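First residue of the sequence shown? That's 31 in my numbering, and the numbers climb one at a time after it.
Even for Gly, the Cβ is constructed at its ideal location relative to N, Cα and C.
Keep in mind that this is a model prediction, so the values were computed, not measured.
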Amino acid sequence: MGYNVAIDGPAGAGKSTIAKLVAKQKGYIYVDTGAMYRAMAVYFLDCGILPQEIEKIRKAAKEARVGIEYEDGMQQVYLNGENVTAKLREEAVGNMASVSSAVPEVRARLLDLQRNLASEKDVIMDGRDIGTNVLPDADVKIYLTASVETRAKRRFDELTEKGIFCQFDEVARDIQKRDERDMNRKTAPLKQAEDAILVDSSDMTVDEVVAVICSYCK
Ligand code: DC
């Protein structure tokens, strides 16, 4: 059994940035489960399915095969044999993933993959339901959050830096909508596990957050 660290939290809390740095310091493999939901979303979009077409998503989920490989320590995500890693951060993919990840058939396709990775290796795995559902016996559980304003500011800066024009208010609204969907869905909603450590990064630097989380890990 690998040593397992679960990091859950809302969109934009900095989970992937922090988890990558903790993984480096501690020698764990970083598993980004959001990327797996995004790969499923790429498949639905490639099939011409719209986010509101839930029945089609349900059916198509059975045809999508997501695989994970590690190349130079970086997670590469394969969809039906094709490396789709470069497509995963697109806005349309994120929007589809936010809706399609609520569909039980989609979640069922990814659960074994996530559990198998954690059983074989020392991992830090980030997502929404890792501590509550995927790895309920994880050695360390962290619930990483930050205020909506802080998360929207980080996302706004990230997009602006990439040269993508956006309005701060729209980015904040989008974050709130994602929170609502992630927290209120029936299957595996985002919530803090009872035994998770709450870390609010609103007024913390990246280094501070990494140090706090590393202090709980072996
Ligand atoms: O963390 P992210 O933005 O890459 O995740 C993309 C979507 O997938 C997000 O809307 C929530 C969903 N997700 C999930 O439901 N469960 C997970 N374990 C990880 C992500």
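Outcome for residue i when other beta-carbon atoms lying within 10 angstroms are tallied against a minimum of 16
| i | result |
| --- | --- |
| Q144 | buried |
| A132 | buried |
| M104 | exposed |
| D199 | exposed |
| M70 | buried |
| N163 | buried |
| L118 | buried |
| G161 | buried |
Reduced DSSP secondary structure (H/G/I, E/B, other) of residue i
| i | result |
| --- | --- |
| D38 | strand |
| T175 | strand |
| M70 | helix |
| G157 | strand |
| P81 | coil |
| I194 | coil |
| M126 | helix |
| A138 | helix |
| C244 | helix |
| D169 | coil |
| S131 | coil |
| K117 | helix |
| R184 | helix |
| E93 | helix |
Where the alpha helix (DSSP H) through residue i begins and ends
| i | result |
| --- | --- |
| Y33 | Element bounds for Y33: n/a, residue is neither H nor E. |
| L51 | K45 to K56 |
| A202 | F198 to N214 |
| K86 | I84 to A90 |
Residues sharing a beta bridge with residue i, DSSP
| i | result |
| --- | --- |
| Y100 | Q105 |
| L143 | In DSSP, L143 forms no bridge with anything. |
| V229 | L174 |
| E112 | L109 |
For residue i, the first and last residue of its enclosing beta strand (DSSP E)
| i | result |
| --- | --- |
| V61 | I59 to D62 |
Is the segment 36-44 touching the segment 154-162, taking contact as three or more C-beta pairs under 8 Å?
yes
So, does the segment 176-185 touch the segment 48-67, judging by three or more C-beta pairs under 8 Å?
no
Does the segment 44-56 come within contact of the segment 87-102, defined as at least 3 CB pairs closer than 8 Å?
no
Counting pairs of beta carbons, one from the segment 71-85 and one from the segment 207-223, are three or more of them closer than 8 Å?
no
Does the segment 102-117 touch the segment 188-203, meaning 3 or more C-beta pairs lie closer than 8 Å?
no
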